[in-house]
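First comes the structure, then the notes that go with it.
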Ligand code: GDP
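Numbering (UniProt numbering), first residue to last: 1 to 294.
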């Protein structure tokens with residue numbers, strides 16, 4: 001379950017805090033040491049942890065908290081607020097500007113990109129949109145077929161042109177969408193096992209050809225800080241507009257979810273919470289913080 005390990009540790013720390021009447025400065029400091037450790041064990045980026053702890057400490061040893069009737073509860077509230085801030089404070093909505101609006105999905109192989117394309121198609125058609133899925137991952141023939149399978153399941157049309165150049169496919173798909181009344185295009189681009197220059201060049205070429213309103217990186221949250229590094233490199237090359245964190249359902253630690261916005265500046269827009277095609281949730285930082293605090 002998402003954040004299970006972290007939730008359990010924080011729960012134990014908070015029980016101790018609540019159990020105390022008045023809090024001394026050293027009680028707070030002790031709790032902060034424990035929270036720091038819990039976050040590091042959850043694979044949260046060390047610098048993010050450092051900043052987080054110093055913000056919480058500064059607020060927690062303030063006058064209002066220490067003098068209040070329920071200081072433990074106040075400290076917990078501060079942790080909740082700062083966790084929310086860490087993940088971006090408010091939700092960031094999908095930008096669907098353009099006709100058709102072009103959403104480009106990028107990411108490494110295995111991140112869950114093709115599944116996510118189907119999930120997003122499903123999400124948008126439930127919103128009353130008329131999406132078109134586009135198979136631009138020509139290097140794995142299985143990927144084209146997989147997108148068709150996924151599209152059939154969610155009843156969203158799929159555009160493919162076999163193994164033509166991805167940039168040509170992308171251009172032609174805009175034309176196709178325009179003629180067929182599809183108002184959103186979801187481009188499933190190629191992934192590799194590792195980031196390489198050739199992949200980035202191809203993605204840049206597609207970006208300048210079809211002017212996407214969203215460039216969303218699909219990353220596997222289970223890979224922890226690797227996901228954060230992957231996001232940093234894609235962002236530096238492509239200027240991402242947002243992130244989709246997949247497999248959060250299986251990520252008991254949650255280090256990527258808690259670090260990735262703070263490190264890259266890119267908002268998390270959606271999270272994948274399972275293998276099924278309706279297991280996609282819009283990302284709300286405050287709800288996620290509530291989930292972590294149980
Ligand atoms: P791609 O290579 O990036 O296109 O990845 P796929 O879409 O083929 O997904 C790789 C694997 O991850 C598949 O087995 C998916 O079912 C699985 N997967 C994708 N998203 C999620 C998710 O949110 N949760 C879980 N548990 N599995 C997922």
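Virtual Cβ for every residue (Gly too), placed ideally from N, Cα, C.
N-terminal and C-terminal residue of the alpha helix (DSSP H) that residue i is part of
| i | result |
| --- | --- |
| residue 257 | 255-264 |
| residue 205 | 197-210 |
| residue 52 | 46-60 |
| residue 168 | 166-180 |
| residue 65 | 63-67 |
| residue 292 | 285-293 |
| residue 117 | 113-126 |
9 Å Cβ cutoff met for residue i and residue j
| i | j | result |
| --- | --- | --- |
| residue 61 | residue 36 | no |
| residue 109 | residue 192 | yes |
| residue 223 | residue 240 | no |
| residue 180 | residue 157 | yes |
| residue 268 | residue 84 | no |
| residue 40 | residue 252 | no |
| residue 286 | residue 89 | yes |
| residue 94 | residue 117 | no |
| residue 31 | residue 16 | yes |
| residue 213 | residue 96 | yes |
| residue 104 | residue 203 | yes |
| residue 280 | residue 139 | no |
| residue 177 | residue 132 | yes |
| residue 73 | residue 64 | no |
Cα-Cα separation between residue i and residue j, rounded to whole angstroms
| i | j | result |
| --- | --- | --- |
| residue 70 | residue 273 | 35 Å |
| residue 68 | residue 261 | 33 Å |
| residue 134 | residue 160 | 6 Å |
| residue 298 | residue 255 | Nothing about residue 298 can be reported from this structure: the residues present for the chain run from 1 to 294 only. |
| residue 13 | residue 209 | 52 Å |
| residue 86 | residue 231 | 16 Å |
| residue 27 | residue 288 | 27 Å |
| residue 44 | residue 8 | 16 Å |
| residue 29 | residue 50 | 13 Å |
| residue 228 | residue 112 | 16 Å |
| residue 170 | residue 278 | 26 Å |
| residue 46 | residue 226 | 14 Å |
| residue 23 | residue 10 | 18 Å |
| residue 125 | residue 259 | 31 Å |
For residue i, three-class secondary structure by DSSP
| i | result |
| --- | --- |
| residue 144 | helix |
| residue 239 | coil |
| residue 275 | coil |
| residue 23 | coil |
| residue 269 | strand |
| residue 96 | coil |
| residue 73 | helix |
| residue 215 | strand |
| residue 246 | strand |
| residue 2 | coil |
| residue 161 | strand |
| residue 193 | coil |
| residue 11 | helix |
| residue 43 | coil |
| residue 220 | strand |
| residue 80 | helix |
| residue 34 | helix |
| residue 109 | coil |
| residue 155 | coil |
| residue 91 | coil |
Limits of the beta strand (DSSP E) - the one that residue i falls within
| i | result |
| --- | --- |
| residue 186 | 184-189 |
| residue 135 | 131-136 |
| residue 106 | 101-106 |
| residue 281 | 280-282 |
Cβ distance (whole Å) where residue i is taken to contact residue j below 8 Å
| i | j | result |
| --- | --- | --- |
| residue 120 | residue 186 | 5 Å |
| residue 107 | residue 184 | 19 Å between Cβ atoms; not a contact. |
| residue 78 | residue 56 | 5 Å |
| residue 271 | residue 245 | 5 Å |
Residue i beta carbon near the ligand GTP (any heavy atom closer than 8 Å)
| i | result |
| --- | --- |
| residue 153 | Within the structure as shown, the ligand GTP is missing, the only ligands being the ligand GDP. |
Test: residue i CB closer than 9 Å to a CB of chain C
| i | result |
| --- | --- |
| residue 247 | Within the model displayed, chain C is absent; a lone protein chain is all it includes. |
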